[in-house]
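**Student:**
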Amino acid sequence: MNRLLALTLLLVFLFAARPAAAAPPQSYFYPFVNPYEATVMELPKQFEVRLPDQVPVDEFVVRPFPKRDIPEVFWYEKGLPCSLVYQDHKAPLVFLVAGSGSRFDVPRMLKLQKVLYQAGFHVISITSPTHMDFVVNAASGLPGIASEDAKDLYRVMELAYHKVRHRVDVSDFLLAGYSLGGFDAAFVARQDDQEHRFNFKRVLMINPPVCLYDSVSALDRLLVENVPGGMDNFDNWFRGVFSETMHLAESWGPGGLSGESMYRTYKRMQPSESNLAALIGLTARMNAADMIFTADVMNGGGYIVPKNVRLTSTTSLTRYAIVAYKTSFADYFDQWLFPHYQKQEPGLTREALLQRESLRGIEGYLKNSKKFGLIHNEDDIILVSGDIEYLQRVFGDRAWIFPSGGHMGNMFQPDVVSAITGFLKGKEE
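Under my numbering, think of the first position of the sequence shown as 86, with each following residue one higher.
As C-alpha coordinates, then:
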(Lines of atoms letter the chains of each structure in order from A and count residues from 1; the text may use other names and numbers.)
(Lines give C-alpha, C1' and ligand atoms only; values in the text may rest on other atoms or scores of the structure.)
Protein backbone atom coordinates (compact mmCIF):
# COMPACT_ATOMS: atom_id res chain seq x y z
CA MET A 1 0.00 0.00 0.00
CA ASN A 2 2.85 2.38 0.92
CA ARG A 3 4.57 1.56 -2.40
CA LEU A 4 1.37 2.35 -4.34
CA LEU A 5 0.94 5.64 -2.46
CA ALA A 6 4.56 6.60 -3.15
CA LEU A 7 4.11 5.84 -6.87
CA THR A 8 0.92 7.90 -6.98
CA LEU A 9 2.60 10.85 -5.30
CA LEU A 10 5.54 10.60 -7.70
CA LEU A 11 3.23 10.68 -10.73
CA VAL A 12 1.33 13.65 -9.31
CA PHE A 13 4.63 15.48 -8.74
CA LEU A 14 5.93 14.74 -12.24
CA PHE A 15 2.79 15.92 -13.99
CA ALA A 16 2.38 18.93 -11.71
CA ALA A 17 6.02 19.91 -12.26
CA ARG A 18 5.67 19.79 -16.05
CA PRO A 19 4.98 23.34 -17.28
CA ALA A 20 1.83 23.56 -19.36
CA ALA A 21 1.87 25.19 -22.79
CA ALA A 22 -0.20 28.34 -23.18
CA ALA A 23 -3.65 27.24 -24.36
CA PRO A 24 -4.92 28.68 -27.65
CA PRO A 25 -8.11 30.72 -27.26
CA GLN A 26 -11.40 28.80 -27.41
CA SER A 27 -12.39 30.96 -30.39
CA TYR A 28 -9.55 29.47 -32.49
CA PHE A 29 -10.88 28.30 -35.85
CA TYR A 30 -8.96 26.87 -38.78
CA PRO A 31 -10.80 25.55 -41.87
CA PHE A 32 -8.43 22.71 -42.87
CA VAL A 33 -8.39 19.60 -40.72
CA ASN A 34 -6.09 17.58 -42.95
CA PRO A 35 -2.48 18.57 -42.08
CA TYR A 36 -1.38 18.20 -45.71
CA GLU A 37 -4.15 20.53 -46.89
CA ALA A 38 -3.26 22.91 -44.08
CA THR A 39 0.38 22.95 -45.19
CA VAL A 40 -0.29 23.44 -48.90
CA MET A 41 -3.28 25.77 -48.83
CA GLU A 42 -3.23 29.42 -47.85
CA LEU A 43 -6.04 30.65 -45.68
CA PRO A 44 -8.99 32.13 -47.61
CA LYS A 45 -9.05 35.88 -47.03
CA GLN A 46 -12.07 35.82 -44.73
CA PHE A 47 -10.12 33.78 -42.17
CA GLU A 48 -6.92 35.85 -42.31
CA VAL A 49 -5.87 38.79 -40.17
CA ARG A 50 -6.26 42.16 -41.89
CA LEU A 51 -2.97 43.68 -42.96
CA PRO A 52 -1.92 46.95 -44.63
CA ASP A 53 -1.62 46.88 -48.41
CA GLN A 54 1.77 48.59 -48.37
CA VAL A 55 4.54 49.16 -45.81
CA PRO A 56 7.64 51.38 -46.11
CA VAL A 57 10.44 49.08 -47.27
CA ASP A 58 13.98 49.47 -48.60
CA GLU A 59 16.04 46.70 -50.14
CA PHE A 60 19.81 46.65 -49.84
CA VAL A 61 22.76 44.31 -50.34
CA VAL A 62 25.44 43.08 -47.93
CA ARG A 63 28.73 41.44 -48.89
CA PRO A 64 30.18 39.34 -46.05
CA PHE A 65 33.05 38.21 -48.30
CA PRO A 66 33.68 41.11 -50.71
CA LYS A 67 36.79 39.50 -52.22
CA ARG A 68 35.15 36.12 -52.84
CA ASP A 69 35.46 34.78 -56.39
CA ILE A 70 31.96 33.93 -57.62
CA PRO A 71 31.85 31.06 -60.16
CA GLU A 72 30.75 32.20 -63.59
CA VAL A 73 27.61 30.04 -63.47
CA PHE A 74 26.38 32.37 -60.69
CA TRP A 75 27.13 35.49 -62.73
CA TYR A 76 23.95 37.19 -61.48
CA GLU A 77 24.96 37.07 -57.79
CA LYS A 78 26.08 40.55 -56.70
CA GLY A 79 25.84 40.22 -52.93
CA LEU A 80 23.16 39.06 -50.50
CA PRO A 81 19.94 41.11 -50.73
CA CYS A 82 18.04 41.97 -47.53
CA SER A 83 15.23 44.37 -46.71
CA LEU A 84 14.32 46.90 -44.04
CA VAL A 85 10.74 47.72 -43.08
CA TYR A 86 10.85 50.81 -40.87
CA GLN A 87 8.73 52.89 -38.54
CA ASP A 88 8.92 56.69 -38.39
CA HIS A 89 9.57 56.57 -34.64
CA LYS A 90 11.70 54.74 -32.09
CA ALA A 91 10.74 51.06 -32.00
CA PRO A 92 12.10 47.55 -31.40
CA LEU A 93 13.82 45.96 -34.40
CA VAL A 94 13.05 42.36 -35.33
CA PHE A 95 15.55 40.33 -37.34
CA LEU A 96 13.36 37.92 -39.32
CA VAL A 97 14.90 34.72 -40.75
CA ALA A 98 13.20 32.95 -43.67
CA GLY A 99 12.35 29.25 -43.78
CA SER A 100 14.20 26.52 -45.65
CA GLY A 101 15.23 27.45 -49.19
CA SER A 102 13.44 30.82 -49.00
CA ARG A 103 14.58 34.33 -49.86
CA PHE A 104 13.94 37.41 -47.75
CA ASP A 105 11.14 38.47 -50.13
CA VAL A 106 8.99 35.35 -50.58
CA PRO A 107 5.25 35.99 -50.07
CA ARG A 108 5.23 34.56 -46.52
CA MET A 109 8.08 36.87 -45.48
CA LEU A 110 6.39 39.90 -47.04
CA LYS A 111 3.17 39.13 -45.19
CA LEU A 112 5.00 38.55 -41.91
CA GLN A 113 6.77 41.89 -42.38
CA LYS A 114 3.33 43.53 -42.56
CA VAL A 115 2.24 41.73 -39.38
CA LEU A 116 5.27 43.03 -37.53
CA TYR A 117 5.09 46.54 -39.01
CA GLN A 118 1.43 46.80 -38.03
CA ALA A 119 2.41 45.76 -34.49
CA GLY A 120 4.93 48.61 -34.30
CA PHE A 121 8.28 46.96 -35.15
CA HIS A 122 11.12 47.73 -37.52
CA VAL A 123 12.01 44.56 -39.49
CA ILE A 124 15.22 43.42 -41.19
CA SER A 125 14.50 40.34 -43.32
CA ILE A 126 17.21 37.76 -43.95
CA THR A 127 17.36 34.98 -46.56
CA SER A 128 17.67 31.38 -45.31
CA PRO A 129 21.24 30.03 -45.14
CA THR A 130 19.99 27.12 -47.28
CA HIS A 131 19.01 29.36 -50.22
CA MET A 132 21.49 29.57 -53.06
CA ASP A 133 21.85 33.37 -52.71
CA PHE A 134 23.08 32.89 -49.15
CA VAL A 135 25.29 29.90 -50.00
CA VAL A 136 27.01 31.89 -52.79
CA ASN A 137 27.40 35.18 -50.95
CA ALA A 138 27.42 34.53 -47.22
CA ALA A 139 28.19 30.89 -46.34
CA SER A 140 31.60 30.24 -44.82
CA GLY A 141 31.39 26.47 -45.37
CA LEU A 142 28.86 23.73 -46.03
CA PRO A 143 25.26 24.66 -45.11
CA GLY A 144 23.12 22.45 -42.89
CA ILE A 145 25.01 22.54 -39.57
CA ALA A 146 23.02 24.78 -37.24
CA SER A 147 25.86 26.24 -35.17
CA GLU A 148 27.88 27.13 -38.30
CA ASP A 149 24.86 28.51 -40.16
CA ALA A 150 24.20 30.65 -37.08
CA LYS A 151 27.64 32.24 -37.31
CA ASP A 152 27.02 33.09 -40.96
CA LEU A 153 23.56 34.51 -40.18
CA TYR A 154 24.97 36.55 -37.30
CA ARG A 155 27.63 38.04 -39.56
CA VAL A 156 24.94 39.02 -42.09
CA MET A 157 22.79 40.58 -39.34
CA GLU A 158 25.70 42.70 -38.15
CA LEU A 159 26.38 43.95 -41.68
CA ALA A 160 22.70 44.53 -42.36
CA TYR A 161 22.16 46.59 -39.23
CA HIS A 162 25.38 48.54 -39.85
CA LYS A 163 24.05 49.45 -43.28
CA VAL A 164 20.67 50.77 -42.07
CA ARG A 165 21.38 51.96 -38.54
CA HIS A 166 21.20 55.61 -39.59
CA ARG A 167 17.67 55.00 -40.93
CA VAL A 168 16.05 53.63 -37.78
CA ASP A 169 15.79 54.54 -34.11
CA VAL A 170 15.97 51.22 -32.24
CA SER A 171 14.83 50.62 -28.66
CA ASP A 172 15.53 46.86 -28.45
CA PHE A 173 16.63 44.01 -30.69
CA LEU A 174 14.40 40.96 -31.19
CA LEU A 175 14.79 37.82 -33.28
CA ALA A 176 12.22 35.63 -35.03
CA GLY A 177 12.07 32.98 -37.72
CA TYR A 178 9.73 30.36 -39.08
CA SER A 179 10.34 26.69 -39.93
CA LEU A 180 14.11 26.29 -40.42
CA GLY A 181 14.43 30.02 -39.72
CA GLY A 182 12.89 29.44 -36.28
CA PHE A 183 15.35 26.61 -35.66
CA ASP A 184 18.22 28.86 -36.80
CA ALA A 185 17.03 31.62 -34.47
CA ALA A 186 17.80 29.48 -31.41
CA PHE A 187 21.42 29.02 -32.47
CA VAL A 188 21.81 32.67 -33.55
CA ALA A 189 20.57 33.74 -30.09
CA ARG A 190 23.19 31.52 -28.49
CA GLN A 191 25.84 33.10 -30.71
CA ASP A 192 24.65 36.53 -29.61
CA ASP A 193 24.91 35.52 -25.96
CA GLN A 194 28.60 34.92 -26.64
CA GLU A 195 29.27 38.06 -28.70
CA HIS A 196 26.67 40.52 -27.32
CA ARG A 197 26.26 42.59 -30.47
CA PHE A 198 22.47 42.79 -30.09
CA ASN A 199 21.52 41.26 -26.73
CA PHE A 200 18.21 40.01 -28.10
CA LYS A 201 15.41 40.77 -25.66
CA ARG A 202 13.05 38.13 -27.05
CA VAL A 203 13.44 35.28 -29.55
CA LEU A 204 10.40 33.71 -31.24
CA MET A 205 10.60 30.31 -32.93
CA ILE A 206 7.64 29.62 -35.24
CA ASN A 207 7.06 26.00 -36.31
CA PRO A 208 10.72 24.92 -36.01
CA PRO A 209 11.97 21.34 -36.34
CA VAL A 210 13.44 19.72 -33.25
CA CYS A 211 16.07 17.94 -35.34
CA LEU A 212 16.65 19.16 -38.90
CA TYR A 213 17.75 15.72 -40.10
CA ASP A 214 14.61 14.05 -38.70
CA SER A 215 12.27 16.65 -40.18
CA VAL A 216 13.82 16.72 -43.65
CA SER A 217 13.86 12.91 -43.69
CA ALA A 218 10.15 12.88 -42.77
CA LEU A 219 9.39 15.27 -45.62
CA ASP A 220 11.48 13.22 -48.02
CA ARG A 221 9.51 10.10 -47.13
CA LEU A 222 6.35 11.93 -48.20
CA LEU A 223 7.79 12.02 -51.71
CA VAL A 224 9.34 8.56 -51.82
CA GLU A 225 6.29 6.78 -50.36
CA ASN A 226 3.56 8.64 -52.26
CA VAL A 227 4.64 8.94 -55.89
CA PRO A 228 2.24 6.60 -57.74
CA GLY A 229 4.27 3.70 -59.10
CA GLY A 230 7.25 4.61 -56.94
CA MET A 231 10.24 6.81 -57.71
CA ASP A 232 10.82 4.98 -60.99
CA ASN A 233 7.63 6.70 -62.18
CA PHE A 234 8.65 10.11 -60.83
CA ASP A 235 9.15 11.81 -64.22
CA ASN A 236 5.72 10.82 -65.54
CA TRP A 237 3.98 11.74 -62.29
CA PHE A 238 5.65 15.15 -62.15
CA ARG A 239 4.78 16.00 -65.76
CA GLY A 240 1.14 15.04 -65.16
CA VAL A 241 0.74 17.11 -62.00
CA PHE A 242 2.47 20.12 -63.54
CA SER A 243 0.37 19.96 -66.70
CA GLU A 244 -2.94 19.71 -64.82
CA THR A 245 -2.06 22.57 -62.48
CA MET A 246 -1.03 24.86 -65.34
CA HIS A 247 -4.25 24.02 -67.22
CA LEU A 248 -6.37 25.04 -64.24
CA ALA A 249 -4.23 28.12 -63.67
CA GLU A 250 -5.73 29.62 -66.82
CA SER A 251 -8.97 30.10 -64.88
CA TRP A 252 -7.37 32.04 -62.03
CA GLY A 253 -8.04 35.35 -63.75
CA PRO A 254 -6.76 38.75 -62.53
CA GLY A 255 -4.45 38.51 -59.55
CA GLY A 256 -3.00 35.17 -60.61
CA LEU A 257 -1.81 32.84 -57.87
CA SER A 258 -3.29 33.65 -54.46
CA GLY A 259 -4.70 31.90 -51.42
CA GLU A 260 -8.24 32.17 -52.73
CA SER A 261 -7.36 31.08 -56.29
CA MET A 262 -5.42 28.08 -54.94
CA TYR A 263 -8.40 27.24 -52.72
CA ARG A 264 -10.72 27.27 -55.75
CA THR A 265 -8.23 25.27 -57.82
CA TYR A 266 -7.81 22.73 -55.05
CA LYS A 267 -11.57 22.15 -54.86
CA ARG A 268 -11.66 21.54 -58.62
CA MET A 269 -8.68 19.21 -58.65
CA GLN A 270 -9.58 17.35 -55.44
CA PRO A 271 -6.14 15.72 -55.26
CA SER A 272 -5.72 12.65 -53.10
CA GLU A 273 -3.94 12.87 -49.77
CA SER A 274 -1.05 10.90 -51.24
CA ASN A 275 -0.64 13.44 -54.06
CA LEU A 276 -0.63 16.30 -51.58
CA ALA A 277 1.97 14.50 -49.48
CA ALA A 278 4.11 13.87 -52.54
CA LEU A 279 3.92 17.53 -53.59
CA ILE A 280 5.09 18.63 -50.13
CA GLY A 281 7.94 16.13 -50.28
CA LEU A 282 8.85 17.32 -53.77
CA THR A 283 9.14 20.93 -52.56
CA ALA A 284 11.49 19.89 -49.75
CA ARG A 285 13.58 17.76 -52.13
CA MET A 286 13.91 20.63 -54.63
CA ASN A 287 14.99 23.05 -51.89
CA ALA A 288 17.64 20.59 -50.75
CA ALA A 289 18.79 19.99 -54.34
CA ASP A 290 19.37 23.70 -55.00
CA MET A 291 21.35 24.03 -51.77
CA ILE A 292 23.47 20.93 -52.41
CA PHE A 293 24.27 21.85 -56.02
CA THR A 294 25.23 25.40 -55.06
CA ALA A 295 27.38 24.27 -52.12
CA ASP A 296 29.13 21.76 -54.37
CA VAL A 297 29.99 24.38 -57.00
CA MET A 298 31.12 26.90 -54.36
CA ASN A 299 33.42 24.30 -52.80
CA GLY A 300 35.08 23.18 -56.02
CA GLY A 301 32.83 20.30 -57.05
CA GLY A 302 33.24 16.59 -56.57
CA TYR A 303 29.78 15.68 -55.22
CA ILE A 304 27.21 16.67 -57.87
CA VAL A 305 29.51 18.36 -60.38
CA PRO A 306 32.83 16.68 -61.23
CA LYS A 307 35.92 18.49 -60.01
CA ASN A 308 37.61 20.89 -62.40
CA VAL A 309 34.48 21.24 -64.57
CA ARG A 310 33.97 24.89 -65.50
CA LEU A 311 30.34 25.96 -65.48
CA THR A 312 29.56 29.16 -67.38
CA SER A 313 26.47 31.29 -67.89
CA THR A 314 25.60 29.20 -70.97
CA THR A 315 26.33 25.71 -69.59
CA SER A 316 23.33 23.40 -69.59
CA LEU A 317 22.70 22.35 -65.98
CA THR A 318 20.08 19.69 -66.77
CA ARG A 319 22.34 16.69 -66.10
CA TYR A 320 23.39 18.12 -62.74
CA ALA A 321 19.81 19.00 -61.82
CA ILE A 322 18.76 15.39 -62.43
CA VAL A 323 21.47 14.14 -60.08
CA ALA A 324 20.68 16.81 -57.48
CA TYR A 325 16.93 16.07 -57.46
CA LYS A 326 17.70 12.41 -56.80
CA THR A 327 19.90 13.36 -53.85
CA SER A 328 18.16 13.69 -50.50
CA PHE A 329 19.31 15.80 -47.56
CA ALA A 330 20.04 12.51 -45.74
CA ASP A 331 22.37 11.52 -48.61
CA TYR A 332 24.09 14.91 -48.40
CA PHE A 333 24.50 14.63 -44.64
CA ASP A 334 25.74 11.04 -44.60
CA GLN A 335 27.98 11.20 -47.68
CA TRP A 336 29.45 14.69 -47.44
CA LEU A 337 28.47 16.84 -44.45
CA PHE A 338 29.22 14.37 -41.65
CA PRO A 339 32.52 13.12 -43.19
CA HIS A 340 33.57 16.77 -43.64
CA TYR A 341 33.13 17.51 -39.94
CA GLN A 342 34.53 14.17 -38.86
CA LYS A 343 37.80 15.08 -40.60
CA GLN A 344 37.92 18.26 -38.54
CA GLU A 345 37.03 16.42 -35.32
CA PRO A 346 38.45 12.87 -35.34
CA GLY A 347 36.32 10.62 -33.20
CA LEU A 348 33.12 12.57 -33.84
CA THR A 349 30.20 10.17 -34.35
CA ARG A 350 27.21 10.71 -36.58
CA GLU A 351 24.86 10.47 -33.60
CA ALA A 352 26.88 13.03 -31.61
CA LEU A 353 26.79 15.54 -34.47
CA LEU A 354 23.04 15.11 -34.97
CA GLN A 355 22.43 15.49 -31.23
CA ARG A 356 24.45 18.66 -30.71
CA GLU A 357 23.02 20.33 -33.85
CA SER A 358 19.42 19.79 -32.72
CA LEU A 359 17.27 21.61 -30.18
CA ARG A 360 17.96 18.74 -27.80
CA GLY A 361 21.63 19.69 -27.94
CA ILE A 362 20.83 23.16 -26.52
CA GLU A 363 17.88 22.07 -24.38
CA GLY A 364 19.19 23.56 -21.12
CA TYR A 365 19.76 26.93 -22.81
CA LEU A 366 16.24 27.01 -24.28
CA LYS A 367 14.64 25.86 -21.06
CA ASN A 368 16.40 28.28 -18.74
CA SER A 369 16.33 31.42 -20.88
CA LYS A 370 12.98 33.17 -20.55
CA LYS A 371 13.55 35.22 -23.68
CA PHE A 372 12.52 32.28 -25.90
CA GLY A 373 8.98 31.72 -27.13
CA LEU A 374 7.54 28.99 -29.35
CA ILE A 375 4.54 28.78 -31.67
CA HIS A 376 3.67 25.40 -33.14
CA ASN A 377 0.88 23.10 -34.28
CA GLU A 378 0.03 19.67 -32.95
CA ASP A 379 -0.40 18.35 -36.50
CA ASP A 380 2.76 19.88 -38.00
CA ILE A 381 4.03 17.40 -40.58
CA ILE A 382 7.73 18.20 -40.03
CA LEU A 383 7.63 16.84 -36.48
CA VAL A 384 8.21 13.20 -35.58
CA SER A 385 6.69 11.17 -32.77
CA GLY A 386 7.28 12.74 -29.36
CA ASP A 387 8.42 16.15 -30.66
CA ILE A 388 5.36 18.14 -29.56
CA GLU A 389 5.50 16.68 -26.06
CA TYR A 390 9.22 17.44 -25.93
CA LEU A 391 8.67 21.07 -26.97
CA GLN A 392 5.92 21.48 -24.38
CA ARG A 393 8.27 20.25 -21.67
CA VAL A 394 11.10 22.55 -22.75
CA PHE A 395 9.15 25.77 -23.33
CA GLY A 396 6.27 25.33 -20.87
CA ASP A 397 4.05 28.39 -20.69
CA ARG A 398 6.25 30.11 -23.31
CA ALA A 399 4.81 27.75 -25.94
CA TRP A 400 1.60 28.36 -27.88
CA ILE A 401 0.55 25.01 -29.35
CA PHE A 402 -2.41 25.15 -31.72
CA PRO A 403 -4.49 22.02 -32.43
CA SER A 404 -4.38 22.37 -36.22
CA GLY A 405 -2.62 24.30 -38.97
CA GLY A 406 -0.15 21.80 -40.42
CA HIS A 407 3.24 23.29 -41.17
CA MET A 408 2.71 27.08 -40.95
CA GLY A 409 -0.67 26.96 -42.70
CA ASN A 410 -2.27 28.98 -39.90
CA MET A 411 0.47 31.59 -39.55
CA PHE A 412 -1.84 34.47 -40.48
CA GLN A 413 -4.90 33.26 -38.58
CA PRO A 414 -5.80 36.09 -36.14
CA ASP A 415 -5.19 34.06 -32.96
CA VAL A 416 -1.76 32.96 -34.21
CA VAL A 417 -0.86 36.51 -35.21
CA SER A 418 -1.95 37.65 -31.74
CA ALA A 419 0.41 35.09 -30.19
CA ILE A 420 3.29 36.21 -32.45
CA THR A 421 2.93 39.93 -31.79
CA GLY A 422 1.95 39.48 -28.13
CA PHE A 423 5.09 37.52 -27.31
CA LEU A 424 7.39 39.90 -29.16
CA LYS A 425 5.80 42.85 -27.35
CA GLY A 426 6.27 41.08 -24.04
CA LYS A 427 2.58 40.67 -23.32
CA GLU A 428 1.02 37.61 -21.72
CA GLU A 429 -1.52 36.15 -24.14
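Beta carbons: idealized from backbone N, C-alpha and C, even for Gly. Every value quoted in this text rests on a predicted model; they were computed, and no experiment measured them.
What residue range does the alpha helix (DSSP H) around Met316 cover?
**Tutor:** Taken as a continuous stretch (DSSP letters only), Met316 belongs to no alpha helix (DSSP H), as it is neither H nor E.
**Student:** For Leu269 versus Ala231, is the C-beta distance shorter than 8 Å?
**Tutor:** Here residue 269 is Asp; the residue named in the question, Leu, does not match the sequence. Taking 8 Å as the Cβ cut-off, Asp269 and Ala231 qualify as a contacting pair.
**Student:** Would you tell me roughly how many angstroms separate the C-alpha atoms of Asp82 and Gly262, rounded to the nearest one?
**Tutor:** No answer is possible for residue 82: the residues shown for the chain start at 86 and end at 514.
**Student:** Alpha carbon to alpha carbon, how far is Gly315 from Leu169? Give it in angstroms, no decimals.
**Tutor:** Taking the straight line joining both Cα atoms gives about 45 Å.
**Student:** Per DSSP, Asp143 is paired with what?
**Tutor:** According to DSSP, Asp143 bridges with Leu169.
**Student:** Please report how far the alpha carbon of His526 lies from the alpha carbon of Gln477, in whole angstroms.
**Tutor:** The question about residue 526 has no answer here: the residues shown for the chain are numbered 86 through 514.
**Student:** Please go through the same chain and pick out, in chain order, the residues whose beta-carbon is closer than 6 Å to the beta-carbon of Phe159, but skip the five residues on each side of it.
**Tutor:** Only Val221 meet the Cβ criterion.
**Student:** When the Cα atoms are used, what is the spatial distance from Lys510 to Leu260?
**Tutor:** Straight-line Cα distance between these residues: approximately 12 Å.
**Student:** Kindly give me the distance between the Cβ atoms of Tyr521 and Ser454, rounded to whole angstroms, as I take these residues to be in contact under 8 Å.
**Tutor:** The structure shown has nothing for residue 521, since the chain only spans 86 to 514.
**Student:** Provide the residue span of the alpha helix (DSSP H) that contains Pro192, from first to last.
**Tutor:** That run of the alpha helix (DSSP H) goes Pro192 to Gln203.
**Student:** Closest Cβ-Cβ distance between Val501 and chain C: below 8 Å?
**Tutor:** The displayed structure is made up of one protein chain only, and chain C is not part of it.
**Student:** Give the straight-line distance between the Cα atoms of Arg153 and Glu144, rounded to the nearest whole angstrom.
**Tutor:** Going from the Cα of Arg153 to the Cα of Glu144 covers about 22 Å.
**Student:** Taking DSSP as the reference, what is the three-state secondary structure of Tyr263?
**Tutor:** In this structure, Tyr263 counts as strand in the three-state DSSP scheme.
**Student:** Taking all protein chains shown into account, decide if Ala369 is buried (16 or more other Cβ within 10 angstroms of its Cβ) or exposed.
**Tutor:** Ala369 should be labelled buried.
**Student:** Taking a contact to mean a Cβ-Cβ separation below 8 Å, would you say Val134 touches Phe497 in this structure?
**Tutor:** For Val134 and Phe497, yes; Cβs fall inside 8 Å.
**Student:** Quick check on Glu280: buried or exposed, where buried means 16 or more other Cβ atoms within 10 Å of its Cβ?
**Tutor:** Result: exposed.
**Student:** DSSP three-state label for Pro120, please.
**Tutor:** It is helical.
**Student:** Taking all protein chains shown into account, do 16 or more other C-beta atoms lie within 10 angstroms of the C-beta of His207, making it buried, or fewer, making it exposed?
**Tutor:** With 16 or more other Cβ atoms within 10 Å, it is buried.
**Student:** Taking the CB atoms as reference points, tell me whether Pro214 and Asp190 lie closer together than 8 Å.
**Tutor:** Not a contact, by the Cβ cut-off of 8 Å.
**Student:** I need the DSSP call for Trp421, collapsed to helix, strand or coil.
**Tutor:** Residue state, collapsed to three classes: helix.
**Student:** In its own chain, which residues sit with a C-beta less than 7 Å from the C-beta of Arg435, not counting the 5 before and 5 after it?
**Tutor:** Hits under 7 Å: Phe423.
**Student:** Classify Leu227 as helix, strand or coil using the three-state DSSP reduction.
**Tutor:** DSSP places Leu227 in coil when its eight states are reduced to three.
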